[in-house]
Amino acid sequence: MDKDLIEFLGKEVPSSVCDIKEALEFLNLVLNDTIGKLGEYSAKSFQDREFAKVLKYTEKSQELDGIADKIKGVVEDLDEIISLNEDEERNELEDEQRSSVNYEDYLVDRNIAHSLYENLTYKRPCRFEIEGNSFDIRDWKEMLTKLCNYLSKKDPTIINKFPDDPKMNGKKVIYFSRVKLPNMKAERKLDSGIYIETNLSSNGIRNLIIKILGKYNIKINKVKIYFRADYAELH
């Protein structure tokens, strides 16, 4: 995507730029997940001595990796013109409190499980499950912090490496830090002592969670989310 186009969109429709960035980030996560699956198939084919398949899987993986790399470049360009507090839901809780809308009309069945593959915009969570463990939550920020604390107890060495991992931090935005940075807008301190930025939209948090799961080799479908409300009809 041309930088002039990105700058134009940033001035004229900044909320759409955020949507584009989050969609591209999610696409990249799915591409990398697919590359991982192809790697598993390639390993099995090698064991079965099906070397032609190994070559084909390798070729297609390289092709996908090239696409993912280009998308990453576009996302980095988008980061240059998007500040964290431009997310469309940055004041979502305050808006709910100020509005005269009867939000009880938009409550949903709390027993229906949802996945991280869904669009979470305007959804409000009440609980999530991971590896048989259930956690009550009030918002997406709390889901992010509770999930990180849970994984930190499993293996603290992995999450403690995040501040030094460029794949876990944006070009302009630092998500993980060992110290409280002045440009962090809604940082929360994890049990491990790591600071994490939570000033993200619901889909932004979803994308970050998927990255975190990947580092712990946990499949995306191992996490289930339960909503308390869906306000999409209001927008």
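Heads up, the sequence shown is in the working numbering, so the first residue is 801 and it goes up one at a time.
Don't be surprised by glycine CBs; every beta carbon is placed ideally from N, CA and C.
Indicate the three-state DSSP secondary structure (helix, strand or coil) for aspartate 964 in the structure shown. helix
Put arginine 924 into one of helix, strand or coil per three-state DSSP. strand
Excluding the five sequence neighbours on either side, which residues of its own chain have a C-beta within less than 8 Å of the C-beta of arginine 1028, listed in chain order? Leu907, Val908, Arg910, Arg924, Pro925 and Cys926
With a Cβ-Cβ cutoff of 9 Å, do tyrosine 922 and tyrosine 1031 count as a contact? yes
Looking at the secondary structure, which residues open and close the beta strand (DSSP E) in which isoleucine 958 lies? No beta strand (DSSP E) contains isoleucine 958, which is instead part of the alpha helix (DSSP H) from 956-959.
I'd like the list of long-range same chain contacts for asparagine 969, defined as Cβ closer than 7 Å, with 5 residues on each side in sequence excluded. Tyr975 and Phe976
How should cysteine 818 be labelled, buried or exposed, when 16 other C-beta atoms within 10 angstroms of its C-beta is the threshold for buried? buried
Would you kindly report the start and end of the unbroken beta strand (DSSP E) that includes lysine 1011? Note, lysine 1011: premise wrong, no beta strand (DSSP E); alpha helix (DSSP H) at 1002-1015.
For asparagine 960 versus serine 992, is the C-beta distance shorter than 9 Å? yes
Answer yes or no: the CB of asparagine 911 versus the heavy atoms of the ligand PLP, is any distance below 8 Å? Here there are no bound small molecules, and the ligand PLP is not part of this structure.
Can you look up isoleucine 974 in the DSSP assignment and give me helix, strand or coil? coil
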